[in-house]
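**Q**
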Amino acid sequence: MTETAEMAVPATGMAGAAMWLVLLPLIGTAIMLIGGRRLDRTGHLVGLLMVVAAFVLGLLMFLSHPASGEGTSIMDSNLFSWMPVEQLQVEFGLRIDPLSLTFVLLITGVGALIHIYSIGYMHHDPDRRKFFAYLNLFVASMLLLVLGNSFVTLYAGWEGVGLASYLLIGFWSDRPSAATAAKKAFIMNRVGDVGLALAIFLMFKEMGTTSFDGVFSQIGAVAEQSPGTVTAIALLLLLGACGKSGQVPLQAWLPDAMEGPTPVSALIHAATMVTAGVYLIARCSPIFNLTADGQLVVTIIGAVTLLVGCIAGCAKDDIKKVLAYSTVSQIGYMFLAVGLGAGVYALGILHLLTHGFFKAGLFLGAGSVMHGMNDDVDMRRYGGLWRKMPITFATFTFGYLALIGFPFLSGFYSKDPIIEAAFAAGGTKGWLLGGAALLGAGLTAFYMTRLMYMTFFGKARHEELRSADGREYHPHESPASMTVPMVILALGSIFAGFFLTQGERLAGWLSPSVGEFSEPHPEIVSATAVTVGTLVMIALGVVIAWLFVGRKPVPVQRPSDVSWVIRLARAEVGGDVINETLFATPGIKLTNSLVVAEEKAVDRVMTGFGTGLAALSARLRRTQTGYVRSYALSMLGGSLIVVLALLVVRFA
Amino acid sequence: MNPDYYLILSALLFGIGAVGVLVRRNAIVVFMCVELMLNAVNLSFVTFSRINGNLDGVVMAFFVMVVAAAEVVVGLAIIMSIFRSRRSASIDDANLLKY
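These protein sequences, in sequence, are chains A and C. 320 is the number that the numbering used here gives to position 320 of the first sequence; each next residue is one higher, with no gaps. 40 is the number that the numbering used here gives to position 40 of the second sequence; each next residue is one higher, with no gaps.
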């Protein structure tokens with residue numbers, strides 16, 4: 001467990017410009033928000049320019065970064081002292097290392113593509129400038145999250161992306177469903193954020209520092225004294241990661257977050273923000289490496305989530321919600337990979353990158369379909385669209401094939417090793433985790449094939465329907481500003497996996513940050529058998545989807561007389577029900593009883609006190625009779641008392 | 001002559017004045033009773049001055065007389081205006097300033 005104790009060196013060269021990565025989009029946000037309506041025509045270009053500039057800067061930093069193995073590939077750029085309070089010394093600094101640079105390129109690269117796409121997608125929206133301002137705010141926060149060199153800086157970015165996510169989910173705030181979804185996302189994220197905050201408090205209490213260097217160099221000593229503390233820190237970090245990444249038990253917000261505009265779903269709720277949990281665990285590899293229990297919990301959560309996501313995705317009719325549950329389950333794969341331990345963190349990051357490409361591409365494709373279909377999201381009203389939208393169909397198909405793990409596309413290179421690594425855990429654990437991952441691959445193939453059939457093939461059901469506002473559907477291909485990013489992402493979905501795994505390129509590059517990569521060698525079954533098994537499962541999923549969905553006409557109305565399996569899947573495997581019964585309902589009851597207690601007890605006491613005082617003074621008032629002689633008598637009495645008191649004091 | 005007698009006289013006068021203030025209704029009589037109390041105090045001042053052999057008490061008595069004279073001027077004027085406005089000098093009639 002010594003491989004990650006490498007300390008950071010001061011940033012030199014291009015790395016010193018890291019702060020501009022965060023500042024550029026932030027300046028963009030400021031310009032667009034302060035500029036107001038005057039920038040309505042040009043604001044989006046400012047936003048695009050800032051993100052492209054950040055991407056170019058990130059690319060330059062990446063190209064000039066010293067290769068791993070030279071001992072200088074982890075650099076810290078301390079900017080200023082943020083919180084100098086006695087023992088609490090928090091430096092505001094950025095860390096430039098292979099892991100953060102990988103994320104910088106993903107965020108700014110996919111971010112720039114989605115900015116381009118949004119110009120077309122949000123063309124008719126009167127608040128397009130505001131939308132781009134929020135997108136830039138998101139990019140800035142996300143970059144701060146991955147670049148921060150202490151947990152407090154990371155936390156600032158963590159909250160920033162939460163805010164941006166809230167603003168963008170609720171962007172169409174005139175829709176009650178969007179406003180509710182935004183609140184739900186914010187509140188469920190808050191549960192996770194509390195976990196992360198507690199983890200930071202615990203680190204400070206145990207080690208007196210919150211910087212990555214300080215924590216990672218001392219965590220070994222803490223583990224020797226009290227292994228429980230390290231496990232506690234790891235589990236609290238995991239709670240934070242679960243909240244941000246939509247993992248069980250905090251997964252229910254992510255599908256609802258699809259109320260936001262589709263580019264937001266692609267950028268924030270598929271490619272970047274929701275993978276922050278994976279980043280956190282990979283970044284904290286020195287902590288997780290020391291606690292087997294913590295890692296076991298991570299893998300269990302990953303395995304459970306990937307199944308829950310797949311099952312729920314099978315029954316949804318809303319194209320974006322299917323993709324959202326697909327995201328939940330794919331992040332489950334990433335958690336599974338980063339939970340499996342020392343050698344295979346790189347696999348999680350690899351899947352994160354390829355997923356960033358194909359899932360962003362799929363979401364943009366879904367957005368393009370919605371754009372041509374009067375913003376309708378119900379797949380039961382689609383059908384036969386491949387003829388009307390050839391580019392969308394082609395790019396979507398590559399994203400689909402990459403997602404289900406079709407051989408030699410990106411998803412195959414990243415998902416297959418994760419399944420192998422799960423089997424390599426050995427024993428019963430290996431069978432359970434590997435089996436879950438394998439089953440998930442089959443289910444993924446099923447629900448994605450179902451989505452493809454319902455959207456692009458079969459009868460063109462939309463021809464006989466009208467959208468909710470009474471218009472006819474005229475499906476059409478989207479403008480170039482939308483299709484070009486889709487094509488680029490489709491190319492990424494095809495080649496990224498091959499490119500990144502060639503000669504273990506990514507794994508070797510990441511080794512200074514997350515430790516040396518070691519190829520998993522399953523002992524219980526051979527790696528070839530796993531690959532073949534995965535392909536068989538995928539083929540089965542596709543065939544079953546054809547049997548159930550593809551060969552029959554799709555009813556426009558959702559069938560209500562269905563088996564309990566489908567009902568369970570439609571209820572999202574109980575996600576919302578559990579939240580309701582365990583937290584929401586007791587919470588409401590508690591609040592109501594507190595309101596009653598407040599009215600009956602606290603209010604009564606306070607008003608009673610007031611009434612009593614009023615009654616008392618009404619009595620006392622009566623002594624003011626208006627007769628001079630009664631006043632004279634009280635004066636005399638008072639004087640006598642004073643005299644007597646004096647005499648008592650004098651002679652006592 | 002024993003100075004105690006003066007003090008007893010002073011106490012008697014003060015008591016008579018106090019009782020007069022409390023029981024009488026005519027404003028003029030009440031006023032005179034107040035004067036009686038003041039002069040009872042003057043008497044004890046002068047007596048103590050005599051007993052102690054210095055003039056502080058006498059000086060204080062002069063002050064009381066001056067203040068009392070000023071007070072009589074104001075007080076009688078008030079009683080006059082009350083009498084003029086309500087045709088009565090009874091202090092029980094002037095009881096508007098109450099709860």
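In this text, a Cβ means the ideal position worked out from N, Cα and C, and glycines have one as well.
#1: Within the 8 Å Cβ cut-off, does D4(C) reach chain A?
#2: Measure the alpha-carbon distance for G53(C) versus F45(C) and round it to whole angstroms.
#3: Excluding the 5 residues flanking T4(A) on each side, which residues of the same chain have their C-beta closer than 8 Å to its C-beta?
#4: Look at the alpha carbon of L307(A) and the alpha carbon of S265(A), and state the distance between them as a whole number of angstroms.
#5: Check the Cβ-Cβ distances between R629(A) and every residue of chain C, and say whether any is below 8 Å.
#6: Nearest-angstrom Cα distance between V19(C) and F609(A)?
#7: When you compare each of H474(A), A315(A), V602(A) and G365(A) to P559(A) by their alpha carbons, which one comes out closest?
#8: Inspect the beta-carbon positions of R25(C) and I82(C) and report whether they are closer than 8 Å.
#9: Pull up the distance between the alpha-carbon of E464(A) and that of D378(A), whole angstroms please.
#10: Quick one: list the residues of chain A neighbouring V21(C), beta-carbon separation under 8 Å, in chain order.
#11: With 7 Å as the limit, tell me which residues of the segment 14-39 of chain C have their beta carbon closer than that to any beta carbon of chain A; keep them in chain order.
#12: Determine the DSSP secondary structure at P390(A), reduced to helix, strand or coil.
#13: Assign I287(A) to one of three DSSP states: helix, strand, or coil.
#14: Note down the Cα distance separating L239(A) from M188(A), rounded to an integer number of angstroms.
#15: Quick one: what's got a C-beta closer than 6 Å to R570(A)'s C-beta in the same chain, skipping five residues either side?
#16: Got a sec, what are the start and stop residues for the beta strand (DSSP E) Q89(A) sits in?
#17: Which word fits A445(A), buried or exposed, when buried means at least 16 other C-beta atoms lie within 10 angstroms of its C-beta?
#18: Span of the alpha helix (DSSP H) holding P176(A)?
#19: Less than 8 Å between CB atoms is the rule here; does T585(A) satisfy it with respect to chain C?
#20: Mind checking I74(A): buried by the 16 CB within 10 Å criterion, or exposed?
#21: Going by DSSP in three states, W172(A) sits in which element: helix, strand or coil?
#22: Could you run through the segment 633-652 of chain A and flag, in chain order, every residue whose CB is less than 8 Å away from some CB of chain C?
#23: Thinking C-alpha only, which one of F357(A), I200(A), S100(A) and A324(A) is nearest Y447(A)?
#24: In chain order, what residues of the same chain have a beta carbon less than 7 Å from the beta carbon of C310(A), not counting five sequence neighbours either side?
#25: Start and end of the alpha helix (DSSP H) containing P78(A)?
#26: Taking only the alpha-carbon atoms, compute the straight-line gap between P522(A) and G427(A) and give it to the nearest angstrom.
#27: Which same chain residues, not among the five before or five after L451(A), have their C-beta less than 6 Å away from its C-beta?
#28: Taking contact to mean 3 or more Cβ pairs, one atom from each stretch, closer than 8 Å, check whether the segment 98-114 of chain A and the segment 258-278 of chain A are in contact.
#29: Going by C-alpha distance, which of L506(A), V595(A) and A527(A) is nearest I349(A)?
#30: Please state whether DSSP places P3(C) in a helix, a strand or coil.
#31: Among I391(A), L145(A), L336(A) and S639(A), whose alpha-carbon lies nearest the alpha-carbon of T483(A)?
#32: Would you mind working out which of K130(A), V146(A), R95(A) and P98(A) sits nearest G35(A), comparing C-alpha positions?
#33: Compare the beta carbon distance of T395(A) and K320(A) with 8 Å and say whether it is the shorter of the two.
#34: Determine the chain C residues that contact R604(A) at a beta-carbon separation under 9 Å, and present them in chain order.
#35: Which whole runs of the alpha helix (DSSP H) in the segment 12-69 of chain C are 4 residues long or more, in chain order?
#36: Going straight from the alpha carbon of V605(A) to that of E599(A), what length do you get?
**A** This is what the structure gives:
#1: no
#2: 12 Å
#3: Unreliable positioning characterises T4(A) in this predicted model, as indicated by a pLDDT of 45, which lies under 50. A coordinate reading is not provided.
#4: In a straight line, the C-alpha of L307(A) is about 21 Å away from that of S265(A).
#5: yes
#6: Taking the straight line from one Cα to the other gives about 42 Å.
#7: A315(A)
#8: The answer is no: Cβ separation not under 8 Å.
#9: 15 Å
#10: R629 and A632
#11: A18, V21 and L22
#12: DSSP, read as helix, strand or coil, puts P390(A) in helix.
#13: helix
#14: 11 Å
#15: A315
#16: Element bounds for Q89(A): L88 to I96.
#17: buried
#18: Unbroken alpha helix (DSSP H) run through P176(A): P176 to M207.
#19: By this cut-off, T585(A) is not an interface position.
#20: buried
#21: The three-state reading of DSSP puts W172(A) in coil, since its state is none of H, G, I, E or B.
#22: L633 and L636
#23: A324(A)
#24: S329, G440, L443, T444 and Y447
#25: Per the sequence presented here, residue 78(A) reads as Asn, with Pro not at that position. No alpha helix (DSSP H) contains N78(A), which is instead part of the beta strand (DSSP E) from M75 to V85.
#26: Using only the alpha carbons, I get a separation of about 10 Å.
#27: Only V322 meet the Cβ criterion.
#28: yes
#29: L506(A)
#30: helix
#31: Looking at the Cα atoms, I391(A) is the closest of the given residues.
#32: Shortest Cα-Cα distance from G35(A) to any of K130(A), V146(A), R95(A) and P98(A) involves K130(A).
#33: Not a contact, by the Cβ cut-off of 8 Å.
#34: By Cβ distance, chain C contributes nothing, its closest Cβ being about 29 Å from R604(A), past 9 Å.
#35: 27-52
#36: 10 Å
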